[in-house]
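A short write-up of the structure that comes next.
In full-length UniProt numbering, the protein residues as written are 1 to 314.
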């Protein structure tokens with residue numbers, strides 16, 4: 001028998017509340033606690049969805065359950081980022097929140113991040129408010145000491161937006177920091193659990209756009225985030241992931257290219273370049289080359305096998 005999800009339930013009254021933060025945890029309780037501490041005063045409730053397999057994570061996190069604002073779901077296994085986000089989103093819907101803030105355990109919101117995003121949304125006219133599904137912050141990468149760009153797709157090139165002079169609409173943003181309007185979830189749906197971890201953000205952003213909604217970048221909202229370990233070799237600085245991530249990046253990239261590349265051509269071109277670049281980076285720069293190459297080509301193989309098994313796509 002598999003492990004059962006263990007939930008510390010919410011016992012508060014079913015009143016309409018504004019913002020629920022969903023924090024996904026995996027074997028790093030100290031980082032999660034930092035995220036909780038930075039978020040607690042900005043939101044009305046926090047649900048931590050823990051995918052850890054280490055018992056110490058649960059023990060450490062439960063010591064932070066000093067407030068009826070904080071609740072936990074302990075899965076006992078790694079269900080993947082998408083599934084954990086969906087557990088949190090469903091909790092937010094079931095407990096009658098208006099917005100859901102998605103956060104990674106490596107994220108630390110600035111003290112006014114949520115307020116600034118809400119202000120940006122309220123500054124829109126009524127028609128544009130109805131069209132806006134997600135509000136996102138400017139993301140600062142702590143490891144590389146730079147701003148992670150949001151992206152606007154064009155016919156041939158992706159336009160990167162790092163330090164916008166004003167609030168603007170974008171086509172792609174990382175999942176962490178996304179403030180999702182709950183009322184649109186019935187139309188857009190939840191996260192695609194087939195992706196497990198990588199490209200969950202691309203998939204969801206494109207589904208938002210395909211449903212006719214918009215993603216608003218709030219210029220004054222800031223999220224500090226750690227995307228991956230920083231490495232340097234042969235004069236190059238780069239992000240390095242483990243072999244398991246290489247597998248999911250390769251497999252999921254191909255699915256995203258197939259499903260969205262025809263409509264978003266600049267995305268297709270950028271992902272072809274990224275796929276080739278990743279292969280060369282593994283060969284010339286990264287550690288654990290043999291295992292990563294094996295997982296890279298396993299990702300391609302599994303994509304081909306799964307693609308032929310799917311009649312209607314995702």
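Ideal Cβ placement from N, Cα and C applies to all residues, glycine included.
Keep in mind it's a predicted model, so treat the numbers as computed, not measured.
DSSP beta-bridge partners of residue i
i	result
residue 109	223
residue 161	150
residue 301	Answer is none; residue 301 lacks a bridge partner.
residue 217	136 and 168
residue 239	230
residue 102	22
residue 49	24 and 73
residue 141	146 and 225
Straight-line Cα distance separating residue j from residue i
i	j	result
residue 237	residue 158	22 Å
residue 261	residue 59	44 Å
residue 26	residue 124	37 Å
residue 228	residue 254	21 Å
residue 314	residue 246	Reliability fails at residue 314, whose pLDDT of 47 lies under 50, so the model's placement of it is uncertain and no value is given.
residue 263	residue 56	46 Å
residue 221	residue 171	17 Å
residue 298	residue 204	24 Å
residue 120	residue 290	48 Å
residue 281	residue 138	28 Å
residue 305	residue 252	13 Å
residue 21	residue 42	9 Å
Short Cβ contact (8 Å threshold) for residue i with residue j
i	j	result
residue 97	residue 45	yes
residue 256	residue 202	yes
residue 149	residue 162	yes
residue 160	residue 188	no
residue 197	residue 81	yes
residue 105	residue 23	yes
residue 250	residue 296	yes
residue 144	residue 230	yes
residue 302	residue 243	no
Neighbourhood of residue i by C-beta, 7 Å cutoff - its chain only, sequence neighbours within 5 removed
i	result
residue 164	217 and 219
residue 64	33, 36 and 70
residue 190	86 and 89
residue 93	182 and 185
Cut-off 6 Å between Cβ atoms - residues of its own chain near residue i, not counting five sequence neighbours on either side
i	result
residue 224	108, 140 and 142
residue 310	none
residue 270	158
Among the options, the one whose alpha carbon lies nearest that of residue i
i	options	result
residue 179	118, 144, 298 and 283	118
residue 84	291, 195, 244 and 239	195
residue 286	24, 208 and 232	232
residue 116	100, 53 and 136	136
residue 235	169, 182, 284 and 145	284
residue 293	213, 221 and 241	241
residue 268	156, 101, 61 and 31	156
residue 101	273, 208, 303 and 39	39
residue 266	303, 41 and 153	153
residue 28	20, 21 and 49	49
Proximal residues to residue i (C-beta, below 8 Å), its chain only, five neighbours per side dropped
i	result
residue 317	Any property of residue 317 remains undetermined from this structure, which presents the chain solely from 1 to 314.
residue 131	212, 213 and 214
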